[in-house]
Amino acid sequence: MAGLTPPARGLATRAVSALLELGARSWSAWQQRSDGSAAGAAPATPPPRTDAAPPAETPARTPAGEAVPAPSGPSWAAAARAHLAHYEARIPIPAEPEADEATGPSATAVRRRRIAIRRLRLVASWVDDGDDAPVDRALRRLGRGLGDVRDRDLASAAIREHVHACGDADLGALERAALDELQAWLEARRRRAVTRHASRDDAAAIDAALAALHRALEPWWTDEAHARSRVQQWYDGAVLALRERVAAAYGDLDVEPLHELRIAARRLRYGLEFAGELAPPGAASVLPWCRRLQSVIGRHRDHVLWQALLRRRIDRALAHRRYALARGLEPARQAAQQARAAAWETLSQELASARSQLSVGASR
0 MAGLTPPARG LATRAVSALL ELGARSWSAW QQRSDGSAAG AAPATPPPRT
50 DAAPPAETPA RTPAGEAVPA PSGPSWAAAA RAHLAHYEAR IPIPAEPEAD
100 EATGPSATAV RRRRIAIRRL RLVASWVDDG DDAPVDRALR RLGRGLGDVR
150 DRDLASAAIR EHVHACGDAD LGALERAALD ELQAWLEARR RRAVTRHASR
200 DDAAAIDAAL AALHRALEPW WTDEAHARSR VQQWYDGAVL ALRERVAAAY
250 GDLDVEPLHE LRIAARRLRY GLEFAGELAP PGAASVLPWC RRLQSVIGRH
300 RDHVLWQALL RRRIDRALAH RRYALARGLE PARQAAQQAR AAAWETLSQE
350 LASARSQLSV GASR
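Heads up: the sequence shown begins at 0 in numbering that gives the first Met the number 0, then just goes up one per residue.
Here it is as structure tokens:
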């Protein structure tokens, strides 16, 4: 369908199962080593806010390097299965040379797992029956705490960007000491967040949740009319929710309505990328705006979180350190304020554009 990135084809169950088992063992081994030891190197810089659907025509391989045959069935069903398999394989934390007991999994691995869980939860919301929603509950538990880890990674990246922008040699002694203290504080909090998250990591629970999701999706693979009807029903509600969130954010211009708008855009985007050929005709005009809104709101939110973290660190510092820390972090605080203002200008323009475009695209 125009406007959509087609999912990768050919990721079959054998490859996914092997990756799940390997990743679960690697994460478990790291968890056993993680005991809150002294801080190590700073986590790697988080990747940009891009989480595109699987690339087209990526050949699937088993751990031994053998090609995996493409799933059978209608093309849309094969693509949807491949889409699921792609993100199921990203749930386990793989063994990484740069990860150790001090830093934990890399920022990239944390981000990939978080995105994978969100995408699978969206699909689960289409098939979970009743108020219990067992698949969603299991996936939600698995992802709990990843946001705290990600926030620390973003803050560490903001420190490095600030140092790079100012020039390492031009930093004063007071500012350098304050940034070093802030970085050490972030690393300690990241380790605690990773440990809390790892305590919920259960390979058996992961397997059970994914197996339940696949069982619930069986009617989709054999009954295209059922699948198409369900996608249309979901799409109508998702577009309505997105338009309401755009109107609320445009009128309120507050952080919380913007956050809700970003969630609505993300859900609509993820659902359309999973639906593939089953997506309604009007989806092609809506999807680009979902991506754009996600991006600009995400950048603005990053600056908001960074400012809040700076204030929190200063407020929680010991009394005899608070004044010096506030002075040392003042340049970073001012830079964050300027970046937030610039992001807000871009966001305001995008909201106005999305408001008019969605009113046209959603009615097609």
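The beta carbon of each residue, even a glycine, is placed where N, CA and C say it ideally should be.
Just so it is clear, the structure is predicted and the values come from calculations on it, not from any experiment.
For A76 and L286, the gap between their C-alpha atoms comes out near 21 Å. A direct Cα-to-Cα measurement between A351 and H319 gives close to 47 Å. The three-state secondary structure of P218, taken from DSSP, is helix. Restricting attention to R214, R291 and G327, the CA atom closest to the CA of R80 is found in R214. For R315, there are no CB contacts under 8 Å within the same chain when 5 residues up- and downstream are skipped. The residue from A278, A325 and L181 with its alpha-carbon nearest to that of A237 is A278.
Each residue's CA atom was taken as its position, placing R265 and P218 some 25 Å apart. For the alpha helix (DSSP H) assignment, the uninterrupted runs of no fewer than 4 residues enclosed by the region 101 to 184 are, from N- to C-terminal side, 106 to 126, 133 to 142 and 145 to 165. The beta carbon of I313 sits closer than 8 Å to those of R321, L324, A325 and L328, all from its chain and outside the five residues before and after it, given in chain order. Membership of G281 in any alpha helix (DSSP H) is not indicated, and neither H nor E is assigned to it by DSSP. In the three-state reduction of the DSSP assignment, I313 falls in the helix class, which pools H, G and I. Remark: C-beta atoms of L153 and D253 do not approach each other more closely than 8 Å. Assigned with DSSP and collapsed to three states, I296 falls in helix. DSSP places S198 outside both helix and strand once states are collapsed to three, so it counts as coil. Per DSSP, A274 is one residue of the alpha helix (DSSP H) stretching across V254 to A274. Taking a cut-off of 8 Å on C-beta distances, the region 105 to 121 does not touch the region 158 to 175, as fewer than three cross pairs fall below it. A distance of 8 Å or more separates the beta carbons of R139 and Y269. The three-state reading of DSSP puts I205 in helix, counting H, G and I together. The shortest CA-to-CA distance from P330 to any of R151, C165 and A224 is the one to C165. Beta-carbon to beta-carbon, L260 and L292 are separated by about 7 Å, close enough to satisfy the 8 Å threshold. Rounded to whole angstroms, the gap between the alpha carbons of G142 and H196 is 8 Å.
Between the C-alpha atoms of V193 and A224 there is a straight-line separation of about 43 Å.
Pairing R339 with V303 gives a Cβ-Cβ distance under 8 Å. Contact between L267 and C289 holds: their C-beta atoms lie close to 5 Å from each other, under 8 Å.
Annotation for A88: no alpha helix (DSSP H) segment contains it, and DSSP assigns it neither H nor E. In the same chain as R199, and ignoring 5 residues on each side of it, the C-beta atoms closer than 8 Å to its own belong to R140, L141, R143 and G144, in chain order. It is roughly 11 Å from the alpha-carbon of R89 to the alpha-carbon of H82.
Non-local C-beta neighbours of R354 in its own chain, meaning closer than 6 Å and more than five positions away in sequence, comprise V245 and Y249, ordered along the chain.
The alpha carbon of V122 has as its nearest neighbour, out of R298, A335, Q337 and F273, the alpha carbon of F273. From the listed residues I262, L185 and A226, the smallest Cα separation to E243 is found for I262. Beyond the five residues adjoining it in sequence on each side, A282 comes within less than 6 Å, by CB distance, of L271 in the same chain, given in chain order. Put simply, the backbone Cα of H85 is about 28 Å away from that of R190.
About 6 Å separates the beta carbon of R229 from that of W125, a gap short enough to meet the 8 Å contact definition.
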